[in-house]
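Below is one structure, written out as structure tokens, with a few remarks after it.
There are 2 protein chains.
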Amino acid sequence: MRIGFLGGTGIEGKGLALRFAASGGSVVLGSRSEERAQAAAREYNELLGSPLIRGMVNREMLAASEIVFLTVPYEHAVPAIESCRSDFSNGQILVDVTVPMVFREGRAEYVEQEAGSNAELLAKYVPKHVPLVAAFKTIPAHILAEREIELNCDIFVCGDIKEAREKVMEAARMIPTLRPLDAGLLRMARTLERMTVLAVNLNRRYKKKGARFRIEGF
Amino acid sequence: MRIGFLGGTGIEGKGLALRFAASGGSVVLGSRSEERAQAAAREYNELLGSPLIRGMVNREMLAASEIVFLTVPYEHAVPAIESCRSDFSNGQILVDVTVPMVFREGRAEYVEQEAGSNAELLAKYVPKHVPLVAAFKTIPAHILAEREIELNCDIFVCGDIKEAREKVMEAARMIPTLRPLDAGLLRMARTLERMTVLAVNLNRRYKKKGARFRIEGF
Numbered sequence: 007m008r009i010g011f012l013g014g015t016g017i018e019g020k021g022l023a024l025r026f027a028a029s030g031g032s033v034v035l036g037s038r039s040e041e042r043a044q045a046a047a048r049e050y051n052e053l054l055g056s057p058l059i060r061g062m063v064n065r066e067m068l069a070a071s072e073i074v075f076l077t078v079p080y081e082h083a084v085p086a087i088e089s090c091r092s093d094f095s096n097g098q099i100l101v102d103v104t105v106p107m108v109f110r111e112g113r114a115e116y117v118e119q120e121a122g123s124n125a126e127l128l129a130k131y132v133p134k135h136v137p138l139v140a141a142f143k144t145i146p147a148h149i150l151a152e153r154e155i156e157l158n159c160d161i162f163v164c165g166d167i168k169e170a171r172e173k174v175m176e177a178a179r180m181i182p183t184l185r186p187l188d189a190g191l192l193r194m195a196r197t198l199e200r201m202t203v204l205a206v207n208l209n210r211r212y213k214k215k216g217a218r219f220r221i222e223g224f
Numbered sequence: 007m008r009i010g011f012l013g014g015t016g017i018e019g020k021g022l023a024l025r026f027a028a029s030g031g032s033v034v035l036g037s038r039s040e041e042r043a044q045a046a047a048r049e050y051n052e053l054l055g056s057p058l059i060r061g062m063v064n065r066e067m068l069a070a071s072e073i074v075f076l077t078v079p080y081e082h083a084v085p086a087i088e089s090c091r092s093d094f095s096n097g098q099i100l101v102d103v104t105v106p107m108v109f110r111e112g113r114a115e116y117v118e119q120e121a122g123s124n125a126e127l128l129a130k131y132v133p134k135h136v137p138l139v140a141a142f143k144t145i146p147a148h149i150l151a152e153r154e155i156e157l158n159c160d161i162f163v164c165g166d167i168k169e170a171r172e173k174v175m176e177a178a179r180m181i182p183t184l185r186p187l188d189a190g191l192l193r194m195a196r197t198l199e200r201m202t203v204l205a206v207n208l209n210r211r212y213k214k215k216g217a218r219f220r221i222e223g224f
């Protein structure tokens, strides 16, 4: 599977890129700067011990990818989409993993969104022919990035186009011990984004790092 | 521990009442009608095989309870509190387990609350000297009520008074294989209420019944 990362040089995309590449995915990091994309690719390839990941400018990354992960801090998500709106192609799927969250008085807080969730806000900016899927929101970036951690958890995939959700779930199944679950329409992102804040606060309160969700009884 | 149920004759309270009573809690079902409360107590005691649960009018139940579970359908929660506002005593804790949810087009939907969550709405009606805690929201009533099911999951406890959260967690620990986690301030109920809708929809989509949450990495 050809997997791209829009804004793929930060912590948000690192773990996913590493895990997809290690699982046989064809991974391309995109950036506004080709140099930065290639530097990140080199760094990740060293961790992988093999030149599996390539770096490109976002436009080229988009031309090379079936599934594109939007992996920028939440407040940069709209400009990131706008900057390459015309470069998306038909059939491509955009996956939003962002969580609008701030830290205040020692705890994480959800940044309430007028659209209901950041995913629903982004839906207003994504080209009509590109299905938007929200996924991987509830699993912290640093856990994905620590590849020695067995994930052993569920992720929740939502979006208004069933086939797009299924494609993203197929991609997620490439990653060992990670189970994707179909959470339905895009507005379920309201729940998923908030769950991340819960997990972060549980980590802080209990002095742990790895809080993530599993559905029991399944 | 003396545990009361405000509106304790419906499915919302049944499982909790049975499980607390079976675990040694002193359980009182409250209702507007003493007759109905006693009938429910008789029914539950038959299931328990022992006369552990009592039924009383809400006023008497309140006089007998340290922790009071508000176990009515969400849209009856405000009138239920208003009907016995003056009967709460100092030091008593009210636990809100309600989830504002409707079914539409074959799926569960969260009923958006102007206050943010039903728990935050109720906070406006609860007497100032009674700490309000939101808990047990993410575990479906029917799973609690099927006592042969090992819960093997986490519940999340939130509320603005730490001591009240701790007391409710202490109560929750009476129930085997259930782990209470401190989720912080009452506004985290926005997350917990929505998580229930996610669980219900996962059940429907995957034709299961028991979806409930566990935190992995803890």
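For the record, the sequence lines run as chains D and X. Just so you know, the first sequence maps onto residues 7 to 224 in our numbering. Just so you know, the second sequence maps onto residues 7 to 224 in our numbering. Backbone N, C-alpha and C fix where the C-beta goes; we use that ideal spot for every residue, glycine too.
In the DSSP assignment, the alpha helix (DSSP H) including residue i goes from what residue to what residue?
i: residue 40(X); result: 40-54
i: residue 212(X); result: 195-212
i: residue 219(D); result: Per DSSP, residue 219(D) belongs to no alpha helix (DSSP H); it is in the beta strand (DSSP E), 218-222.
i: residue 22(X); result: 17-28
i: residue 68(D); result: 64-70
i: residue 143(X); result: First-last for residue 143(X): undefined, no H or E at that position.
With a Cβ-Cβ cutoff of 8 Å, do residue i and residue j count as a contact?
i: residue 187(X); j: residue 163(X); result: yes
i: residue 190(D); j: residue 113(X); result: yes
i: residue 32(X); j: residue 62(X); result: no
i: residue 149(D); j: residue 29(D); result: no
i: residue 43(D); j: residue 35(D); result: yes
i: residue 161(D); j: residue 208(X); result: no
i: residue 151(X); j: residue 17(X); result: yes
i: residue 37(X); j: residue 10(X); result: no
i: residue 75(X); j: residue 214(D); result: no
Around the Cβ of residue i, are there at least 16 other Cβ atoms within 10 angstroms (buried) or fewer (exposed)?
i: residue 212(D); result: exposed
i: residue 106(X); result: buried
i: residue 25(D); result: buried
i: residue 20(X); result: buried
i: residue 117(D); result: exposed
i: residue 77(D); result: buried
i: residue 71(X); result: buried
i: residue 39(X); result: exposed
i: residue 48(D); result: exposed
Quick one: what's got a C-beta closer than 8 Å to residue i's C-beta in the same chain, skipping five residues either side?
i: residue 174(D); result: 73, 99, 101, 139, 141, 163, 165 and 186
i: residue 90(D); result: 12, 64, 65 and 68
i: residue 205(X); result: 144, 146, 217, 218 and 219
i: residue 131(X); result: 84, 87, 88 and 91
i: residue 153(X); result: 21, 24, 25, 28 and 53
i: residue 176(D); result: 7
i: residue 121(X); result: 127, 129 and 130
i: residue 210(X); result: 112, 113 and 114
i: residue 155(D); result: 149 and 216
i: residue 45(X); result: 15 and 61
May I ask you to check if the CB of residue i is nearer than 7 Å to at least one heavy atom of the ligand SAH?
i: residue 193(D); result: Summarising the ligand content, the structure contains no ligands, and the ligand SAH is consequently not present.
So, at 6 Å on beta carbons, what are the nonlocal neighbours of residue i in its own chain, with the 5 sequence-adjacent residues on each side left out?
i: residue 123(D); result: 195, 196 and 199
i: residue 136(X); result: 94, 98 and 100
i: residue 60(D); result: 34 and 47
i: residue 157(D); result: 183 and 184
Assuming residue i is part of the beta strand (DSSP E), what are its boundary residues?
i: residue 162(D); result: 159-165
i: residue 88(X); result: From DSSP, residue 88(X) is part of no beta strand (DSSP E) but of the alpha helix (DSSP H) over 83-89.
i: residue 101(D); result: 99-102
i: residue 129(D); result: Per DSSP, residue 129(D) belongs to no beta strand (DSSP E); it is in the alpha helix (DSSP H), 124-129.
i: residue 35(D); result: 32-37
i: residue 118(X); result: Run containing residue 118(X): none; DSSP gives neither H nor E here.
i: residue 108(D); result: 107-110
i: residue 191(D); result: Here residue 191(D) belongs to no beta strand (DSSP E), and DSSP marks it neither H nor E.
i: residue 139(D); result: 138-140
i: residue 12(D); result: 8-12
i: residue 73(X); result: 73-76
For residue i, collect the residues of the same chain with a Cβ closer than 7 Å to its Cβ; drop the 5 residues on either side in sequence, then sort them by chain order.
i: residue 128(X); result: 83, 84, 87, 102 and 138
i: residue 57(D); result: 51
i: residue 80(X); result: 104, 105, 106 and 124
i: residue 167(D); result: 137
i: residue 192(X); result: 125, 126, 129, 138, 140, 164, 165 and 166
i: residue 108(X); result: 115 and 117
i: residue 133(X); result: 91 and 94
i: residue 96(D); result: 135
i: residue 170(D); result: 99, 137 and 139
Taking any Cβ of chain D, which residues in the region 72-86 of chain X have a Cβ under 8 Å from it, in chain order?
Result list empty, no residue passes.
Short-range partners of chain X found in the region 199-221 of chain D, where Cβ spacing is below 8 Å:
Answer set for the region 199-221 of chain D: 200, 201, 203, 204, 205, 207, 208, 211, 212, 214, 215, 216, 217, 218, 219, 220 and 221.
Tell me which residues of the region 106-127 of chain D have at least one Cβ-Cβ distance to chain X shorter than 7 Å, keeping chain order.
Legend: CB atoms of the region 106-127 of chain D lying less than 7 Å from CB atoms of chain X belong to residues 113.
Which residues, in order along the region 158-169 of chain X, keep a beta-carbon less than 8 Å from a beta-carbon of chain D?
Within the region 158-169 of chain X, the residues whose Cβ lies closer than 8 Å to some Cβ of chain D are 158, 159 and 162, listed in chain order.
Identify each residue in the region 184-197 of chain D for which the Cβ-Cβ distance to at least one residue of chain X is less than 7 Å, and report them in chain order.
Under the 7 Å Cβ criterion, the region 184-197 of chain D contributes 187, 188, 189, 190, 194, 196 and 197.
Give the residues from the region 17-43 of chain D that approach chain X closer than 9 Å (Cβ to any Cβ), ordered along the chain.
Taking 9 Å as the Cβ-Cβ cut-off against chain X, none of the residues of the region 17-43 of chain D qualify.
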